[in-house]
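The structure appears right after this line, and notes come after that.
Number of protein chains: 2
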Amino acid sequence: MRELEQRIKSDGVVLSGDVLKVDQFLNHQVDPDLMFAIGQRFAHLFADNQITKILTVESSGIAPAVMTGLQLHVPVIFARKHKSLTLTDDLYTADVKSFTKQTQNKITVSKKYISADDHVLIIDDFLANGQAVFGLLEIANQADLKVEGVGIVIEKSFQPGAQKIKDQGIRLESLAKIKSLANGQVTFVTEQHD
Amino acid sequence: MRELEQRIKSDGVVLSGDVLKVDQFLNHQVDPDLMFAIGQRFAHLFADNQITKILTVESSGIAPAVMTGLQLHVPVIFARKHKSLTLTDDLYTADVKSFTKQTQNKITVSKKYISADDHVLIIDDFLANGQAVFGLLEIANQADLKVEGVGIVIEKSFQPGAQKIKDQGIRLESLAKIKSLANGQVTFVTEQHD
């Protein structure tokens, strides 16, 4: 998605350790018009999949997920992150490790809001090692629902998450694919969606 | 806002201790079409205020805030919650106490994204004791920016937050105002916006 790649080039900041900061438009300050365009793109890509629910994780996944839900007219569920958990009877839970923050969270989704009839699209802002997506896939598996695919705003293609998702036979659509952040430069995988 | 009040009546759940659960459409599962309508309403109410930025707190404020930003075509900043903080040179910070969860958080906003030129609209999902809003107001004060008003999706009018905001001379617009949750029943303040 050219508009997104241009925005990453102009407003993303490459930090040491292969970290790309996009808090100017995606995960602290949010550009709602860009999010709307992102939602349109995901809705277009999954238009034929009879999506009934969108699943994401708080907090940075919410804006692109809600904009996608707005186009597809389906509810969005954001999994909650918890440091620890006691009551879990009415919740699906999965463990999610954050490599950048070196933390371990549990994510939860209420059993009330997903069921085996659902065709789900998983949306998240970033894909690196894939921990958040695999947490959501584990919850989808517990709920026995059909995952139609995964939509990612920014994929770091040089990290293992993308390949691991595809290895499971799951459809992955990433709107910007980063080949490298070497020498402080963003290089995209050259294939273009538009 | 009648559509919102009807949704609260049909899908909200009143728990003991004056807790209203609306995780069916607002803060766990999200109804994007309702959020869009909420964004339209806030945009209409603050159409003459030359809003340049919207400020909210993760996570439940993000959906209504981003939909409002979409209508006003301005960036949305969601303050981050932290249990503890070390590096703060480039951040505005404020303390926020949660009465329901009995926790104390720090919320932060990057100094890069707000400035004294900004006319800000604060948006949040719930107003009870007003802790989150007062945290955001403190950050607005540190950044010396102009707060044009506060937009709340659901106000619990029987708790002190709303009056405290108005006592400071700040404009408050709440789309649903709850007078009472006594006996498990939702009763609204009778004035109607539409």
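Chains P and R are the protein sequences, given in the same order. Mapping to the UniProt record's numbering: the first sequence position 109 is 109, numbers consecutive. Mapping to the UniProt record's numbering: the second sequence position 60 is 60, numbers consecutive. All C-beta atoms, glycine included, are put in the ideal place defined by N, C-alpha and C. Remember, it's a predicted structure, so these values are computed and weren't measured experimentally.
Residues sharing a beta bridge with residue i, DSSP
{"i": "R/Glu173", "result": "R/Gly151"}
{"i": "R/Gln29", "result": "P/Ile77"}
{"i": "R/Tyr92", "result": "R/Val109"}
{"i": "R/Val19", "result": "R/Leu15"}
{"i": "R/Asp124", "result": "R/Ile152"}
{"i": "P/Phe188", "result": "P/Ile178"}
{"i": "P/Lys166", "result": "P/Lys166 pairs with nothing; no bridge assigned."}
{"i": "R/Ser98", "result": "R/Thr103"}
Residue i, buried or exposed, once every other Cβ within 10 Å from all chains shown has been counted against 16
{"i": "R/Asp167", "result": "exposed"}
{"i": "P/Ser60", "result": "buried"}
{"i": "R/Ala116", "result": "exposed"}
{"i": "P/Pro160", "result": "exposed"}
{"i": "R/Asp118", "result": "buried"}
{"i": "R/Leu15", "result": "exposed"}
{"i": "P/Asp124", "result": "buried"}
{"i": "R/Ser157", "result": "buried"}
{"i": "R/Phe25", "result": "buried"}
{"i": "P/Ala182", "result": "exposed"}
{"i": "P/Leu85", "result": "exposed"}
{"i": "R/Ala47", "result": "exposed"}
{"i": "R/Lys53", "result": "buried"}
{"i": "P/Gly17", "result": "exposed"}
{"i": "P/Ile8", "result": "buried"}
{"i": "R/Gly169", "result": "exposed"}
{"i": "P/Gly39", "result": "buried"}
Coarse secondary structure for residue i, derived from DSSP in three states
{"i": "P/Thr68", "result": "helix"}
{"i": "R/Ser10", "result": "helix"}
{"i": "P/Leu181", "result": "coil"}
{"i": "P/Leu85", "result": "coil"}
{"i": "P/Val57", "result": "strand"}
{"i": "P/Phe46", "result": "coil"}
{"i": "R/Leu145", "result": "coil"}
{"i": "R/Phe134", "result": "helix"}
{"i": "P/Gln104", "result": "strand"}
{"i": "P/Phe158", "result": "coil"}
Within 9 Å, strictly: CB atoms of residue i and residue j
{"i": "P/Leu72", "j": "P/Ala37", "result": "no"}
{"i": "P/Asn105", "j": "P/Lys97", "result": "yes"}
{"i": "R/Val150", "j": "R/Leu121", "result": "yes"}
{"i": "R/Leu175", "j": "R/Met1", "result": "yes"}
{"i": "R/Ile114", "j": "R/Thr93", "result": "no"}
{"i": "P/Gly130", "j": "R/Val30", "result": "no"}
{"i": "P/Phe78", "j": "P/Val57", "result": "yes"}
{"i": "P/Gln50", "j": "P/Glu148", "result": "yes"}
{"i": "P/Asn27", "j": "P/Phe126", "result": "yes"}
{"i": "P/Met35", "j": "P/Pro64", "result": "yes"}
{"i": "R/Ala162", "j": "R/Lys177", "result": "yes"}
{"i": "R/Val19", "j": "R/Thr100", "result": "yes"}
{"i": "P/Val189", "j": "P/Gly12", "result": "no"}
{"i": "R/Leu55", "j": "R/Ala128", "result": "no"}
{"i": "P/Leu137", "j": "P/Val109", "result": "no"}
{"i": "P/Ile62", "j": "R/Ile62", "result": "yes"}
{"i": "P/Lys83", "j": "R/Lys179", "result": "no"}
Proximal chain B residues relative to residue i, where beta-carbon distance stays under 9 Å
{"i": "P/Glu148", "result": "Here chain B cannot be found, since the structure's protein chains are P and R."}
Exercise. Which residues, in order along the region 69 to 89 of chain R, keep a beta-carbon less than 9 Å from a beta-carbon of chain P?
Worked result: Gly69, Leu70, Gln71, Leu72, His73, Val74, Pro75, Val76, Ile77, Phe78, Ala79, Arg80, Lys81, Lys83
Exercise. Got a sec: which bits of the region 10 to 38 of chain R sit with their beta carbon under 9 Å from any beta carbon on chain P, in order along the chain?
Worked result: Taking 9 Å as the Cβ-Cβ cut-off against chain P, the residues of the region 10 to 38 of chain R that qualify are Asp23, Gln24, Phe25, Asn27, His28, Gln29, Val30, Asp31, Pro32, Asp33, Met35, Phe36.
Exercise. At a Cβ cut of 9 Å, what residues of the region 47 to 66 of chain R count as close to chain P, listed as they run along the chain?
Worked result: Of all residues in the region 47 to 66 of chain R, Lys53, Ile54, Glu58, Ser59, Ser60, Ile62, Ala63, Ala65, Val66 have a Cβ within less than 9 Å of some Cβ in chain P.
For this session: Pull out every residue of the region 100 to 123 of chain R whose Cβ sits closer than 7 Å to any Cβ of chain P, in chain order.
Result: Ser110, Tyr113
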